[in-house]
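Going by our numbering, the first residue of the sequence shown is number 119, and it counts up by one from there.
Ideal Cβ positions, reconstructed from N, Cα and C, are used throughout, including at glycine.
Keep in mind it's a predicted model, so treat the numbers as computed, not measured.
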Amino acid sequence: MQEGFTARAAANIALVKYWGATDLAHVIPCNASLSMTLDECASECFARAAPDALSDEILLYNGEALLPAEGEFHRRIAEHLDRLRDIFDCMTPLYIATRNRFPAAAGLASSASGFCALTAAVSHALGKPAAGANLSDLARRSGSGSASRSAFGGYVRWPAEDADIAAARDSDAALPAVPIADEEYWPLADVIAIVDANPKKISSLDGHRRAASSPHFRARLAEVPNRLLRVEAALAARDLDLLGATLEEDAIELHLVAMSSQPPIHYWRPGTIAALECVRSLRAGGISAWATMDAGPNVHVICRPEDAPTVAESLRALDPVRRVIEDKTGGAPCVYPGFPEGGWVI
Ligand code: DP6
């Protein structure tokens with residue numbers, strides 16, 4: 119039996135978000151985005167070449183057992199395996215076993231970390247080990263654009279192209295993310311308030327598809343380059359007030375675009391508003407805490423590590439908050455031979 123590899127990749131939280139694509143099929147975003155890679159919220163994927171198998175076997179660890187992947191989840195992974203085999207020019211069937219290290223039923227997105235870990239593990243299993251920009255670009259092709267940013271630790275920018283270059287580009291050309299600063303440069307906390315642990319009803323893919331129908335979409339796109347400059351200046355100066363004001367503004371605007379798309383997408387729940395109010399009152403009390411939400415209702419609060427316990431305690435005290443996860447700036451993916459450390463028991 120061939121030896122396999124395990125890859126671990128963390129999720130990332132976008133400080134300036136990807137929303138809307140010039141070419142969704144080839145995962146070309148309308149705007150550049152910039153994120154912080156997390157630490158605890160991660161996925162692990164084991165991949166092994168199975169030359170004697172008739173087809174791929176794709177399993178998901180549910181906390182107790184490895185079960186065959188089903189439905190949309192299975193379809194997206196199977197498609198990505200075919201895509202990677204095409205790129206690597208190798209037809210070998212694969213055995214895949216994957217698990218999320220996210221706290222159970224947290225309702226957090228796992229596609230960025232999941233597809234990045236899958237891509238890294240498969241590339242090793244097929245003898246074409248990918249890391250850095252190459253891993254980023256291959257992970258992006260899964261359809262989860264944000265997976266491109268999980269290929270690096272710390273702070274990561276995924277570029278876009280202006281409309282002329284995008285129109286003229288070879289749709290298969292590479293578009294990897296670029297690391298800006300590693301996790302040691304400026305460790306921050308991400309305190310996550312889970313207000314709804316159910317899977318989201320409208321996928322990010324549908325959000326990208328509908329984005330341009332919002333009258334606010336163009337206005338946001340026009341503002342994003344300034345916002346990226348502000349975030350980069352804030353990173354250079356380690357200025358949390360500037361970073362926070364900018365990331366909160368961008369998150370609210372993404373949701374404004376989503377809510378005014380056709381048909382509209384309402385990701386917020388009552389707990390989202392409660393957490394946003396809590397963050398504002400923490401600031402009024404002198405704590406630099408700033409909120410951002412991806413395509414879902416849960417609220418990520420970015421703050422200094424020393425303020426994380428106070429922020430977590432305030433969020434936990436809110437009625438609609440189901441649980442609070444304390445995460446922080448994390449590193450790049452890692453790959454090692456064999457099954458995940460600690461076996462499949464979490
Ligand atoms: C709101 O198309 O990368 O999180 O595959 O679901 O992670 P997933 O979505 P993707 O869009 C990400 C949308 C976002 C903003 C962001 O992460 O930039």
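Start-to-end residues for the beta strand (DSSP E) that takes in residue i
i: Asn218; result: Leu212 to Asn218
i: Asp288; result: Premise fails: Asp288 is in no beta strand (DSSP E) and is neither H nor E.
i: Met154; result: Ser151 to Ala167
i: Glu301; result: Looking at the DSSP string, Glu301 is not in any beta strand (DSSP E), and its letter there is neither H nor E.
i: Val349; result: Counting along the chain, Val349 falls outside any beta strand (DSSP E), though it belongs to the alpha helix (DSSP H) covering Phe335 to Ala355.
i: Leu88; result: It is not possible to answer for residue 88, since the shown part of the chain is limited to 119 through 464.
i: Val274; result: Tyr273 to Trp276
Where residue i falls: helix, strand or coil (DSSP)
i: Glu175; result: strand
i: Leu133; result: strand
i: Ala125; result: strand
i: Gly239; result: The sequence given here has Ala at residue 239, not Gly. Correct three-state label for Ala239: helix.
i: Gly460; result: coil
i: Ala307; result: strand
i: Arg441; result: strand
i: Thr447; result: coil
i: His418; result: strand
i: Val145; result: coil
i: Val375; result: helix
i: Ile312; result: strand
Proximity below 8 Å, CB of residue i to CB of residue j
i: Ser229; j: Ser262; result: yes
i: Glu158; j: Arg126; result: no
i: Ala248; j: Ala235; result: no
i: Leu436; j: Gly362; result: no
i: Leu360; j: Ala352; result: yes
i: Ala243; j: Arg194; result: no
i: Leu346; j: Ala150; result: yes
i: Arg422; j: Leu306; result: yes
i: Gly448; j: Thr155; result: yes
i: Ser332; j: Ser378; result: yes
i: Pro297; j: Phe335; result: no
Any non-hydrogen atom of the ligand DP6 within 7 Å of residue i CB
i: Ala291; result: no
i: Tyr273; result: no
i: Lys246; result: no
i: Gly189; result: no
i: His326; result: yes
i: Trp408; result: no
i: Leu156; result: no
i: Ser229; result: yes
i: Lys135; result: yes
i: Ser378; result: no
i: Ser161; result: no
i: Leu184; result: no
i: Asp174; result: no
i: Ala413; result: yes
i: Ala329; result: no
i: Ser241; result: no
i: Gly448; result: no
i: Leu374; result: no
i: Ala278; result: no
Residue i at chain B interface by Cβ criterion, 8 Å
i: Glu350; result: The structure shown has no chain B; it contains just one protein chain.
Range covered by the alpha helix (DSSP H) that runs through residue i
i: Cys452; result: Note, Cys452: premise wrong, no alpha helix (DSSP H); beta strand (DSSP E) at Cys452 to Pro455.
i: Glu190; result: Gly189 to Phe206
i: His326; result: Ser322 to Ala329
Three CB pairs or more closer than 8 Å across the region 123-131 and the region 175-190: No, the region 123-131 does not touch the region 175-190.
Segment contact, 8 Å Cβ cut-off, at least three pairs: the region 265-279 with the region 412-428: No, the region 265-279 does not touch the region 412-428.
Touch test, the region 308-316 against the region 440-452, Cβ-Cβ under 8 Å, three pairs minimum: At 8 Å Cβ cutoff, the stretches touch.
Cβ contact check for the region 369-388 and the region 322-333: 3 or more pairs under 8 Å: By the Cβ test, the region 369-388 is in contact with the region 322-333, since at least three Cβ pairs between them sit closer than 8 Å.
Validate contact between the region 211-221 and the region 159-179 using beta carbons, cut 8 Å, 3 pairs: Inter-segment contact for the region 211-221 and the region 159-179 is present: three or more beta-carbon pairs are separated by less than 8 Å.
Cβ pair count under 8 Å reaching 3, the region 289-307 against the region 132-147: Enough Cβ pairs lie closer than 8 Å, so yes.
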